[in-house]
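So the sequence shown is numbered by the numbering used here: it starts at 903 and just counts up by one.
Built from N, CA and C at the ideal position, the CB exists for glycine as well.
These numbers were taken from a predicted model, which means no experiment stands behind them.
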Amino acid sequence: MAPFTFPTEEVTFADLLLRSAEYAKSADPLPFMSEAPKNFVKPTVAIFACCDFRFSPEEHFKLRKGEAFVIRTMGGNVRPYLNDLLYLEALLNNELRDIIIIHHEDCGTTRISEEMIKNNIKAQTSNLDSEIDNIKFYMHDGRSNLENSVRAELKFIRESPYIRKDLAANARGFVFYLKTNSLVEIK
């Protein structure tokens, strides 16, 4: 795998549209789910990982398309995306077996607080202060360590009345360390 390099040129929406058009010219058509073979194995793992571009669960786990659901969130947090998890459960007839939560060091969510986000929104809007004050962002907030933020997400999953107990029991949390490219499980 090639070493990571930070982008040095801005990619615009127009650039992305051009790339999309090029891709469409050469890519094979994708099948409808109704065209799946009888022995098709549905993914049973949901991975919640930060949307930071330095870490790719697909690369790290060498995932092929269809092997797992990768849900990229701010900070790898599950709580704001509970609806997505519940949707997957319904779609798969409650056949999800595992939840993996991955937070990472040097995460942007450790450098910004909910108060900073709310103040930014308030500066862009008017007459919405009370609504903005009620928004919960579930950021790491820089005051707690990553291990504790993973534990908080695991606790949320295990105590949620909406998540099957057997699925919640299979939730596992990790911290990804950038310099070693390693995952360390958090209990």
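Alpha-carbon to alpha-carbon, residue j and residue i
| i | j | result |
| --- | --- | --- |
| Gly968 | Ala1054 | 29 Å |
| Glu876 | Leu1048 | Past the boundaries of the shown model lies residue 876; the chain is included only from 903 to 1089, so the question cannot be answered. |
| Phe1039 | Glu991 | 24 Å |
| Lys964 | Phe1078 | 15 Å |
| Thr975 | Glu997 | 22 Å |
| Phe955 | Lys940 | 36 Å |
| Leu993 | Ile1059 | 19 Å |
| Asn1029 | Lys927 | 48 Å |
| Asn985 | Asp1035 | 22 Å |
| Thr1012 | Ala1070 | 26 Å |
| Ile1014 | His1006 | 15 Å |
Same chain, Cβ closer than 8 Å to residue i, five either side skipped, listed in chain order
| i | result |
| --- | --- |
| Met903 | Glu961 |
Residues near residue i in its chain [Cβ-Cβ closer than 6 Å; skip 5 each side]
| i | result |
| --- | --- |
| Val947 | Ala970, Asp1000 |
| Pro959 | Ile949, Ala951, Val972 |
Residue from the options whose Cα sits closest to the Cα of residue i
| i | options | result |
| --- | --- | --- |
| Leu1056 | Phe934, Val943, Val980, Lys944 | Val980 |
| Thr1082 | Val913, Phe957, Leu920, Glu924 | Phe957 |
**Prompt:** What beta strand (DSSP E) runs, 3 residues minimum, are completely inside the segment 906-992?
**Reply:** 947-952, 971-975
**Message:** If we require 4 or more residues per run, which alpha helix (DSSP H) segments fall completely within the segment 1010-1044?
**Reply:** Within the segment 1010-1044, the complete alpha helix (DSSP H) runs of at least 4 residues fall at 1016-1026, 1031-1035.
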